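Taking it in order: structure first as structure tokens, then the write-up.
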Amino acid sequence: LLDVAEALRLDQARALLGLGPEAQPPMLHPSVPPYVRYADPPIQADAATLGLHLPDGIDLGVRVRLFDYGVVSLALTRTCPGTFADLQALAREATARPLEVLAANLCRQCTERLAPALVEPRASQLTEDYVVAALVHDGHGQPADALLAAHGTDIAGLLRLEAAELSVQERDEVLQHRLSYLASDLVIPSWNGAFVYDTAAGLAGALELLEFANSQLLQFRYYDQRLEADLRRIYGRLQTTRWYDSLFGRRHTAAARELHALFIDVNELVDRTENALKLVGDVYAARLLGLASARLGLEAWKHAVRDQLDTLDRIYRFAVDQTSMDRGELLELTVVLILLLELVLFFLGVMR
């Protein structure tokens, strides 16, 4: 996933790509009520629709999803008809530098095609990568407990991207964070990847939620970075002393206006990100999204952003109070000067 812009006008992007309205995400299981809804459904397209060109010799499926908050998600897929050892080797290959370069190149092609729909494109782009290993069955697979008993160590090593066998303690730590809806499905999310055992339809639903959680992580990383940089700049402005700015309260007035605008802007962006997907009545989807978010450490990033917003609010209140004090002192000084002028004029005989 790449954070490419402040926002992406999805209606304009659909027009550029010649697409119709986007469908809602697939359900993880048919019996689950369809109450998973995006505020503005992301655009999903394949490489051909976007006009993306893969280098010769690259055998990967490419699917792109565009979120309205400026995130481009590239899903690069490959089938691995082999053993768990083959799957581990493929997962390690997926985290290598060449694939990052390929993803960046595909994203550049995508943003060039959609340039008119981008709002405030990023000069430098934050990225997130996440590896999902999926074992797909036709609805009659073996129970998840049997799969874990037979291949739990392999799955744990896959999620940790380790060729050597993990300790029992580490294996148990990885496998304890898992979720199943039916006896024959399983999702084990980790901070850098996930293992999914399900039907093709169940896999599509799980990927939808894992991808959304990662897009949220990317956005909160951006907000944290932006607030940190802006707070450093505003601290510097508040500490800069110029006698005429202090005299008229201009230093704190300008800072207060900038702080207030930044506070509103970031709050709006955070609310839009958090409310992009609604989960009402779909308990399993909510549990899966909550588990994935917890494993990604999303709540810690949210707290970091909220703490910085609280700091921003306190600095804003200080700047407003300081501006009022500066203006009050200016008013007192003006009154004193008027009184002195009257006294001078009185003693000079101009005033009686």
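Offset between the sequence shown (1-based) and our numbering: plus 2. Just so it is clear, CB atoms sit at the ideal spot from N, CA and C, and this is done for glycine as well. Just so we're clear, the structure is a prediction, and the values are computed from it rather than from any experiment.
Have a look at residue i and residue j and give me their C-alpha separation to the nearest angstrom.
i	j	result
Asp323	Glu95	56 angstroms
Leu342	Arg235	41 angstroms
Leu293	Leu177	13 angstroms
Leu3	Arg329	49 angstroms
Arg124	Thr85	41 angstroms
Leu211	Tyr318	37 angstroms
Phe349	Ile340	14 angstroms
Val66	Leu101	15 angstroms
Leu266	Phe69	The sequence shown places Ile at residue 266, not Leu. Each residue's Cα considered, the two are about 21 angstroms apart.
Thr155	Asp174	9 angstroms
His153	Ser169	14 angstroms
Val346	Ser326	30 angstroms
Val6	Thr113	8 angstroms
Leu290	Cys82	25 angstroms
Ala202	Tyr224	33 angstroms
Ala146	Leu76	29 angstroms
Glu172	Ala148	20 angstroms
Val64	Val268	32 angstroms
Glu130	Leu19	25 angstroms
Asp232	Leu219	20 angstroms
Asn277	Glu331	45 angstroms
Gln14	Gln111	17 angstroms
Ala166	Ala93	14 angstroms
Does the Cβ of residue i have 16 or more other Cβ atoms within 10 Å, making it buried, or fewer, making it exposed?
i	result
Gly204	buried
Val338	exposed
Gly195	buried
Gly22	exposed
Phe222	buried
Ile190	buried
Arg80	exposed
Val134	buried
Arg39	exposed
Asn216	buried
Val74	buried
Leu333	exposed
Ser192	buried
Gln227	exposed
Gly72	buried
Ser186	buried
Glu213	buried
Asp284	buried
Leu335	exposed
Asp200	buried
Ala50	exposed
Leu89	buried
Tyr1	With the chain covering only 3 through 354, there is no way to say anything about residue 1.
Gln297	Residue identity check: residue 297 is Arg in the sequence provided, not Gln. Arg297 is buried by the Cβ-count criterion.
Ser295	buried
Which of the three DSSP states is assigned to residue i in this structure?
i	result
Pro191	strand
Gly63	strand
Ser169	coil
Ala125	coil
Glu8	strand
Asp200	strand
Tyr374	Absent from the structure is residue 374, since the part of the chain shown begins at 3 and ends at 354.
Met327	helix
Cys82	coil
Pro100	helix
Leu347	helix
Glu164	coil
Asp131	coil
Gln310	helix
Leu339	helix
Gln111	helix
Leu21	coil
Val34	Because Val34 sits at a pLDDT of 48, beneath the cut-off of 50, its placement in the model cannot be relied upon, and the following sentence gives the value as read from the coordinates. Reduced to three states, the DSSP call for Val34 is coil.
Leu219	helix
Asp58	coil
Per DSSP, which residues does residue i bridge with? Please list them.
i	result
Leu181	Val189
Ser295	Looking at the DSSP assignment, Ser295 forms no beta bridge with any residue, so it has no partner.
Ala136	Val198
Ser2	Shown here, the chain extends from 3 to 354; a query on residue 2 therefore has no answer.
Ile45	Leu68
Lys280	Arg39
Leu120	Leu10
Comparing the C-beta of residue i with each C-beta of chain B, is any distance below 8 angstroms?
i	result
Cys109	No chain B appears in this structure, which consists of one protein chain only.
Taking 7 angstroms as the cut-off, is the C-beta of residue i nearer than that to any heavy atom in the ligand GTP?
i	result
Ala96	With respect to the ligand GTP, the structure shown offers nothing to examine, as it has no ligands at all.
Is the stretch 41–48 touching the stretch 152–163 in the sense that three or more CB pairs, one from each, lie closer than 8 angstroms?
no
Under 8 angstroms: do the stretch 48–55 and the stretch 105–115 share three or more Cβ pairs, one atom per stretch?
yes
Evaluate contact between the stretch 116–126 and the stretch 167–181, counting only Cβ atoms and requiring at least three cross-stretch pairs below 8 angstroms.
no
Could you check whether the stretch 296–316 touches the stretch 264–280, counting it as contact only if at least three pairs of C-beta atoms, one from each stretch, sit closer than 8 angstroms?
yes
Assess, as a yes-or-no matter, whether the stretch 138–150 is touched by the stretch 308–318 under the definition of 3 or more beta carbon pairs within less than 8 angstroms.
no
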